[in-house]
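Residue numbers (our numbering): 981 to 1290.
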């Protein structure tokens, strides 16, 4: 037969739980506590947003409120000494007692915001919450680079880049208005192609282009805020004319051979040898120094006549 515990003993056993509950409730009374209706708000650029910070429990009628911005490991004041500070001055205000509203948000406003409340009359005087604000920016027109002409069997790379969108956009490529998969092997429709698309960087790489890869290409950059596309650009895939290439090489070789033959014939005929007389070169006899000899007509006639006298 089981022994029954006397009622007084059961009451004594429950007394410690009762005292713990009273102690716990005593700790909660007079403690400042905060909550937020949205700790991760997302808004598009140039819109307005409210950073919710609400006091749920406090015995202090006029607590001290502060807002701080945490960005790139730096902490700056947003609301301090009952006024808006920093780059939010003139485009933010306090709603109610503690919430912060920002007008015309920009991409630079994306950061962590900490709401701090100090209630001097409460047993727990300080409480804080952190709100992460994300400002989305629509992508602008991406810059696309498409090769104009590529021979069959060669590699080709198409580029698509966009630098304004936030968060960073994803990229998709289209050929003749048909979206391309990230891997051509994953879609039977592109079994004649061999390409891979990196949606994070925007590069579309063909390992070996095929004739079916010719067409009009364009790229779209998109994120949660919107999308933008570049203009269409044509890529032509052409066959290599092997016969024409060989014929051109033969013509060049024939021309080089004719030039070489002409040079050899000219050399043999002496066109490249300087004409020089053997021995000493003939020189006019020199005249005595300081004599300026002039032959007159009479002297010439005398010498002519004297040549006949013996």
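Each residue gets a CB set at the ideal place from its N, CA and C atoms; glycine is no exception.
Because the structure is a prediction, the values reported are computed rather than measured.
{"Query": "Using the Cβ count rule (16 or more neighbours within 10 Å means buried), how would you classify residue 1155?", "Result": "buried"}
{"Query": "Going residue by residue through the region 1035 to 1064, where are the continuous alpha helix (DSSP H) segments of at least 4 residues, counting only ones entirely within it?", "Result": "none"}
{"Query": "Return the CA-CA distance between residue 1196 and residue 1166, expressed in angstroms with no decimal places.", "Result": "22 Å"}
{"Query": "Ignoring anything shorter than 3 residues, give me the beta strand (DSSP E) runs that lie fully in the region 1123 to 1189, in order along the chain.", "Result": "1123 to 1125, 1129 to 1131, 1136 to 1141, 1150 to 1155, 1175 to 1178, 1183 to 1186"}
{"Query": "Here's a check: name, in chain order, each residue in its chain whose Cβ is nearer than 8 Å to the Cβ of residue 1014, leaving out the five neighbours to either side.", "Result": "1033, 1034, 1035, 1036, 1078, 1095, 1097, 1107, 1108, 1109"}
{"Query": "Since I believe residue 1190 is in contact with residue 1132 (beta carbons under 8 Å), could you give me their beta-carbon distance rounded to a whole number of angstroms?", "Result": "7 Å"}
{"Query": "Helix, strand or coil: how does DSSP classify residue 1085 here?", "Result": "coil"}
{"Query": "Taking the continuous beta strand (DSSP E) assigned at residue 1251, which residues delimit it?", "Result": "Per DSSP, residue 1251 belongs to no beta strand (DSSP E) and is neither H nor E."}
{"Query": "State buried or exposed for residue 1234, treating a residue as buried only when at least 16 other CB atoms are found within 10 Å of its CB.", "Result": "exposed"}
{"Query": "Since I believe residue 1127 is in contact with residue 1136 (beta carbons under 8 Å), could you give me their beta-carbon distance rounded to a whole number of angstroms?", "Result": "5 Å"}
{"Query": "For the beta strand (DSSP E) that residue 1115 lies in, which residues bound it at each end?", "Result": "1106 to 1116"}
{"Query": "Tell me the rounded alpha-carbon separation between residue 1241 and residue 1232.", "Result": "14 Å"}
{"Query": "Just grab the DSSP bridge partners of residue 1029 for me.", "Result": "1082"}
{"Query": "State the DSSP-derived secondary structure class of residue 1220, mapped to helix, strand or coil.", "Result": "coil"}
{"Query": "Would you mind stating whether residue 1092 and residue 1050 have Cβ atoms separated by less than 8 Å?", "Result": "yes"}
{"Query": "Would you report the Cα separation of residue 1143 and residue 1101, rounded to the nearest angstrom?", "Result": "51 Å"}
{"Query": "Suppose you measure from the CA of residue 1073 to the CA of residue 1169; what does that come to, to the nearest Å?", "Result": "57 Å"}
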